[in-house]
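Chains as they are written, first to last, in this note's numbering: chain B, 1 to 288; chain W, 1001 to 1288; chain Y, 2001 to 2288; chain S, 3001 to 3288; chain R, 4001 to 4288; chain C, 5001 to 5288.
This is how it looks when you write it as structure tokens:
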């Protein structure tokens, strides 16, 4: 069950409102690298967690923290949009083509649809999409999904930090960047605890690797038509990272044959000519 | 800022796991009538709220409660999917065509993508979409969006209640139905406090109704070619609900003219024939 | 069955074409508050209507009127984009960075994809989405969906009205604002006719309220950790709006227990460590 | 402006309601091959039409007819779902696993979300998407979009016709199949009138073909590594269909060079190692 | 199986990087008229092809060529974005409102999400959508889908060509325009080989036209309330294009009746008033 | 530039066609864990790669290999759907309710939309979405995105392997599982080469960690209201994984204050009552 305190997790201060920066912040709210995604991802992983409960507990804690981050960013958007009140919107109705296009930099829906508030969408107004919420039921795969989310999330936050000179916004983003630092480390700690790379991989480690053709497990397949020899990279020779094989280098060759599909069944209503081997346009007798 | 307790808001008990019912429950999680939508909707309305803070406070409270509802439903999905372990998935690999199609009733991604856990999607696996989160900046419009969400949400919950005979699930759904009862009343209470129908409407009530042609404000426009006379319905005669006019009945007639657009500009690379008044295929001289 | 007249329902006149305003108008065409949504929503409600036919008839009339509104707005977009012909597009290829960014304010797809015409998309180019079409089969829930759509739609229209100084556009928008006034009243008239708040709520009113735990029906659940006493708001004391109970105020407490899910089934291919109670990375015997 | 008659364009009769067939019909309503798409496509093409008005007039006529087709199909869905009332939904709550999975064949949202009515979605419940509405501003391109829509639409309709034995449904689908026949011919008639293949192509025919390297205009580029000789197909030799060139056959060869991008700019916050030519993990001095 | 050469199919050269043009190029990558769509469309048609294998072979060749086009355009986006490094991004943090809005013309995600590289999205940042990939199983329908894709694609390419003065970009686009010329011809060549219009139509030609009411096959249905006489257009008189009938002109009339749906079933939880013929709000006895 | 061989990379053999398994395979084609996603992800990363070219080269190789995997899976879908020809589709038109629901297990669009071929969609028919293609411009973040994609991809492939008893399908899936093993190792090898966890993290490692408040970098923030002491987990004490700090445990406390937004601006057309501090419904003087 969830509770709240009316204060934010960290200070949200906007010294000089900037409606265009409000648009950029939306990427951190409703974008694929954003906070709604990690919030729901950690919570759904917690709610579906099967296995040691300490991981469920941790996911629930950090998922809850992320709601507070959404709150901070939405507040920041609303405060930045206050810069639109005396300025940008008035300018929409002026004849001056130069100032008018500021609307191009601002998200027009921040005025039209929300009256100066945040949306569950990214910096281009593309809505948040639930498909981004990854909870696979495999703990290690989920941890990688989380490290990836915090890595692209921290990259985004640093770029946002670089896109403003507002001290309040820089301070808030520094806090979020620090939290992303922690969260990267946190999910990596689970992977370490699970035994590290050699134990964790290949994910899932519960599928018997003795199934299937073993020669493809650690072979770098080159599709390059220049046909160079083994370039001796880390991924084409030496021990595999999971410690269970040796990297090799092979030139890709087709091992299968040319696919042969049956002719169309009559009920699929293909063209009649598809039912004749030579593709001529004589009517197939069987169809008449 | 947000906090949690590891216990759920209300008991989640599944007496007889049912993977097909798990699929139906998804509609209440990630569907347009579902809990992710109301949760984010109330929170975004709170975070963007401008005006008396008591409304912001209330939205924050109920938005927080809705996270607890998502949690309950996701837990219910996970518990219902445990019915798949010994049965449904084994049956996938059997040759019996009759039992096999149970997979059709179950969402296959509940096995393939989550390993028996909930998703941020609806009963057809269509992902949650952030566009459903309505926070317009107009308090009365938002209250109607909330009444509507709780009304379609309660209708959904009663249909789910009717779709199971599991006592635990019926009990949990009864609780959610009761909360929807409260929430409908709660948003209506705001509308009452704002002055009721006569004061609230037309929304927004801050736009001067003296703008524009007044004769269209309360006219029921009939597009029916049978051209019946005023049927004397509540919406075609008598005082308007907002108390600011009188309903009338008119037969729709075009008041505008046939639109005339300019010919294509050359840079738009239309067909050359579009640039000739008669549509003939002579090459326009100006294009050569 | 449907018919048309080549003239528009109301005059569509653009005195000074403005390609940036064309972008804003898209929100009223293909946005969630827009006319495609209400058009399809009323028509789908009509086509699925079960119950007194007078409601079906009304929905069909107004759904048909909304097609005429889409037509007006699309025509307005096309006319506004004519301002792009001699100016904006030429400027794209100039070196002047100041005039060039007008393209930022215009939707680039209005040139690239349509050659100066409207799209079935919102002001950010996000396509219309059929999930917004609400037709629940419950008449009262649908009426609220319609009041909500006309309320956010009228808010949008007033903001658009405020975003232009073109007399033709202001006139057209005033007409649409007036129609939204009528339509809000119209759906409210149905709710009045259904008996008003006390009869209509809780929606659906056909589900027996005697089912389930009654103490949650009218309780405001506070999730605020400050634990204030009952603030005495309209939604925490006094009679409920539906007249069927008394509002109360309670501090949220978890009534459920901590969820316990079964360990992963082997066929879900979780990590092996998930199948051990202590989360260590010893291989579970049962998996070997 | 638009008007309606309460009767449908053609008889909609369901002799034996079938909720599973209702699901299949959804593809013809809200799928990419469906009627909402063609309806909006023709209307948007009409409303943006620039050029001879007779094409605008025709698009308006047929776009209006398509609304009537959506109406027929939605009515058919609602009537087929009546087969769910006494049977399918009751069975949801029975313990019999065999009959229960009928829900798998029915769209569960036809009960949960609409209470036995149609949705603006396809046969899998995926919502209609406005991006499918093609109106390019080029008349010939649009006509091909229309022929394509009516061709995939007629293929769909014949497959639906084959999926039912209900005489009423077969009759209604035969009518729709006949209309698709007409509409295919209708759009082809415009292409004929525009001068036929030799005049119409390449689309757009208003772009000067003298621009750019002419040797690629009619060359079939083979990417097949078997390096066969010209197989002598219709598209590798002989006159081109547009009459403006001669088909040739060439083996694909890279004419460009290997792309060279600049190193990352510091503001993009790539990894430091990306800024070093050798990829080693020494910290770049310039970053400290 | 697929292979690659590190060089591009044709030269990709950007003489003067332009981050705003990079945004426009996205339409040709991830838009509905773009190269990801045609690439996947031709490959999916090939992989599902049933009928003469020469068509499968051709689709595979051209589908493979299109991957090379995506590569060229993505490279062009990355090169154009290099113009953002020294300029645009620095300007984001300046106080000058005039230069700042260049960000409005650039896609902000080109900095925030990719660090100056292409995305699988259109010019508004709307993601590529797999629903655009048409592979119907009917060869003629698919060929029209391909002609349509290459026609709208070539229209887009010419508009892009017109939107830049960069010689390198103009050269690359001229190459792509030439390939679209070939591809239009190529798919038309299949239609010719299949027998041309009279043999190919109506698509599918394997459905017996004797089914259903023949009078609707070639009738132009007018929905225009002006009720003009047959205007004598190509599509209202004379032989049909498929040679199988004669065009006629008819005024649309409803041939069906007003739909009658059953009242709601109790399990759908409609409002009680819907179950009463007169719509009054007396409680239906059967519900108590 | 890209080339092809008509043979597949590995044998695709279906011993006993199974249209329901065809539906499951779609998840591996167009789902978020599927092959279109990794194919485009690696190629977009290659095309935007800035930094050492050996990484670009590798991404290009493996991205090209993934096209071959899409091909194999699409072929497998087409072959499995041949099981529908003599059986499932015939059964659609039979009266037997038991066999009929097989259609529920099959994707109906595999017949209706493709005539027995694969689609660019997932197992529920939800279209592939370009937003899943992650190419951040940060090499380490991208490698984690790739490890994550191959981990969830391999989990999916093992579940598919478990869902069939067809020897041909099991063989093909074993090959794909082996390739996922290699690809996991391959991306991990890059991370090792970049210096391993201590050098790579926090991502991006080019942002100066001295910015901002350092105490939040390695603090586990607990939101649990039970307020337990430091549980001594790997992520709440001891050295951080990146070797740059020490994990700590803190109880979450709000460090910010309650947000205060300005009242609505008049141009946003909120309700008048929102502009009054006490929320009463007296008309604000300033608005009259």
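No residue lacks a Cβ here, since even glycine has one placed at the ideal position from N, Cα and C. Owing to the predicted nature of the structure, the values given are computational and were not obtained by experimental measurement.
Problem set entry | 7 angstroms Cβ cutoff met for residue 4077 of chain R and residue 4022 of chain R | Their beta carbons are under 7 angstroms apart, which means residue 4077 of chain R touches residue 4022 of chain R by this criterion.
Exercise. Going by alpha carbons, who is nearest to residue 5204 of chain C out of B/152, B/160, B/196 and B/228?
Worked result: Of the candidates B/152, B/160, B/196 and B/228, the one whose C-alpha sits nearest the C-alpha of residue 5204 of chain C is B/152.
For this session: Pick out whichever of B/219, B/276, B/2 and B/210 has its Cα sitting closest to the Cα of residue 5174 of chain C.
Result: Checked all of B/219, B/276, B/2 and B/210; the closest Cα to residue 5174 of chain C is B/210.
Exercise. Less than 7 angstroms separating the beta-carbons of residue 4180 of chain R and residue 4150 of chain R?
Worked result: Yes, these two residues count as a Cβ contact at 7 angstroms.
For this session: Output the boundary residues of the beta strand (DSSP E) element that contains residue 250 of chain B.
Result: Counting along the chain, the beta strand (DSSP E) containing residue 250 of chain B begins and ends at 248-251.
For this session: With a threshold of 16 other CB atoms inside 10 Å of the CB of residue 1250 of chain W, please say whether the residue is buried or exposed.
Result: Exposed: under 16 other Cβ atoms inside 10 Å.
Exercise. For residue 4215 of chain R and chain Y, any beta-carbon pair shorter than 7 angstroms?
Worked result: It does not: the Cβ of residue 4215 of chain R has no partner Cβ on chain Y nearer than 7 angstroms.
For this session: Give the residues from the segment 1007-1019 of chain W that approach chain B closer than 7 angstroms (Cβ to any Cβ), ordered along the chain.
Result: Flagged, chain order: 1007, 1008 and 1009.
Problem set entry | residue 4222 of chain R - containing alpha helix (DSSP H), residue span | Note, residue 4222 of chain R: premise wrong, no alpha helix (DSSP H); beta strand (DSSP E) at 4219-4222.
Exercise. Residues in its own chain within less than 6 angstroms of residue 69 of chain B by CB, not counting five upstream and five downstream?
Worked result: Cβ within range, chain order: 35.
For this session: Could you spell out where the beta strand (DSSP E) holding residue 4 of chain B opens and where it closes?
Result: Annotation: the continuous beta strand (DSSP E) that includes residue 4 of chain B extends over 2-4.
Exercise. In terms of residues, what are the limits of the alpha helix (DSSP H) holding residue 4065 of chain R?
Worked result: Residue 4065 of chain R -> alpha helix (DSSP H) spans 4053-4081.
Exercise. For residue 5121 of chain C, does the three-state DSSP call read helix, strand or coil?
Worked result: Correct three-state label for residue 5121 of chain C: strand.
For this session: Report the residue ranges of all beta strand (DSSP E) runs contained in full by the segment 1166-1250 of chain W; include only those spanning at least 3 residues, in chain order.
Result: Runs of the beta strand (DSSP E) inside the segment 1166-1250 of chain W: 1219-1222.
Exercise. Exposed or buried, which one is residue 4260 of chain R when buried takes at least 16 other CB atoms within 10 Å?
Worked result: Taking all protein chains shown into account, residue 4260 of chain R has fewer than 16 neighbouring C-beta atoms within 10 Å of its C-beta and is therefore exposed.
Exercise. Going along the segment 5115-5128 of chain C in order, which residues come within less than 9 angstroms of chain W, judged by CB to CB distance?
Worked result: So the list reads 5122, 5123, 5124, 5125 and 5126, given in the order they occur along the chain.
For this session: Determine, using beta carbons only, whether residue 3122 of chain S and residue 3020 of chain S come nearer to each other than 7 angstroms.
Result: For residue 3122 of chain S and residue 3020 of chain S, no; Cβs fall outside 7 angstroms.
Problem set entry | Spatial distance of residue 3258 of chain S from residue 240 of chain B (CA atoms) | The alpha-carbon of residue 3258 of chain S is positioned some 30 angstroms away from that of residue 240 of chain B.
Exercise. In this structure, does DSSP put residue 4012 of chain R in helix, strand or coil?
Worked result: Coil, per DSSP.
Exercise. What span of residues does the alpha helix (DSSP H) with residue 1269 of chain W cover, start to end?
Worked result: For residue 1269 of chain W, no alpha helix (DSSP H) segment is defined, and its DSSP state is neither H nor E.
Exercise. So is residue 6 of chain B buried or exposed if we call it buried at 16+ other beta carbons inside 10 Å?
Worked result: By the neighbour-count rule (16 or more Cβ atoms within 10 Å), residue 6 of chain B is buried.
Exercise. Since residue 4154 of chain R is in the alpha helix (DSSP H), which residue starts that stretch and which ends it?
Worked result: Element bounds for residue 4154 of chain R: 4139-4162.
Exercise. With 7 angstroms set as the bound, which would you pick, yes or no: does the beta-carbon of residue 1146 of chain W sit closer than that to a beta-carbon of chain C?
Worked result: Not closer than 7 angstroms to any Cβ of chain C, the Cβ of residue 1146 of chain W fails to qualify, so no.
Problem set entry | As assigned by DSSP and simplified to three states, the class of residue 1254 of chain W | Coil.
For this session: Kindly list, in the order they appear in chain Y, the residues whose Cβ is closer than 7 angstroms to that of residue 111 of chain B.
Result: What residue 111 of chain B touches in chain Y, judged by beta-carbon distance under 7 angstroms, is 2159, going in chain order.
Problem set entry | Residues of its chain near residue 3156 of chain S, where Cβ-Cβ distance is below 7 angstroms and the 5 sequence neighbours each way are ignored | Cβ neighbours of residue 3156 of chain S beyond the five flanking positions: 3027, 3028 and 3033.
Exercise. Between residue 3137 of chain S and residue 2115 of chain Y, is the Cβ-Cβ spacing less than 7 angstroms?
Worked result: Residue 3137 of chain S places its beta carbon less than 7 angstroms from that of residue 2115 of chain Y.
For this session: Name the two residues that bound the continuous alpha helix (DSSP H) containing residue 4030 of chain R.
Result: Counting along the chain, the unbroken alpha helix (DSSP H) around residue 4030 of chain R starts and ends at 4019-4030.
For this session: Starting from the beta carbon of residue 5242 of chain C, find every residue of chain B whose beta carbon is closer than 7 angstroms, and list them in chain order.
Result: Correct list: 185.
Exercise. Can you tell me where the alpha helix (DSSP H) with residue 3289 of chain S in it begins and where it stops?
Worked result: No answer is possible for residue 3289 of chain S: the residues shown for chain S start at 3001 and end at 3288.
For this session: Compare the Cα-Cα distances from residue 1216 of chain W to each of Y/2177, Y/2054, Y/2276 and Y/2274 and report the closest residue.
Result: When only C-alpha atoms are compared, the closest one is Y/2177.
For this session: Measuring only between beta-carbons, confirm whether residue 3267 of chain S sits less than 7 angstroms from chain B.
Result: Taking Cβ atoms only, chain B reaches closer than 7 angstroms to residue 3267 of chain S, which makes this a yes.
Exercise. Is residue 2292 of chain Y close to chain S, meaning its C-beta is less than 7 angstroms from at least one C-beta of that chain?
Worked result: With chain Y covering only 2001 through 2288, there is no way to say anything about residue 2292 of chain Y.
For this session: Taking all protein chains shown into account, decide if residue 5253 of chain C is buried (16 or more other Cβ within 10 angstroms of its Cβ) or exposed.
Result: Answer is exposed; the Cβ neighbour count stays below 16.
Exercise. Tell me which same chain residues have a C-beta within less than 6 angstroms of the C-beta of residue 3011 of chain S, skipping the five on either side of it?
Worked result: Hits under 6 angstroms: none found.
For this session: Could you spell out where the alpha helix (DSSP H) holding residue 2050 of chain Y opens and where it closes?
Result: Following the DSSP letters along the chain, one finds residue 2050 of chain Y in no alpha helix (DSSP H), marked with neither H nor E.
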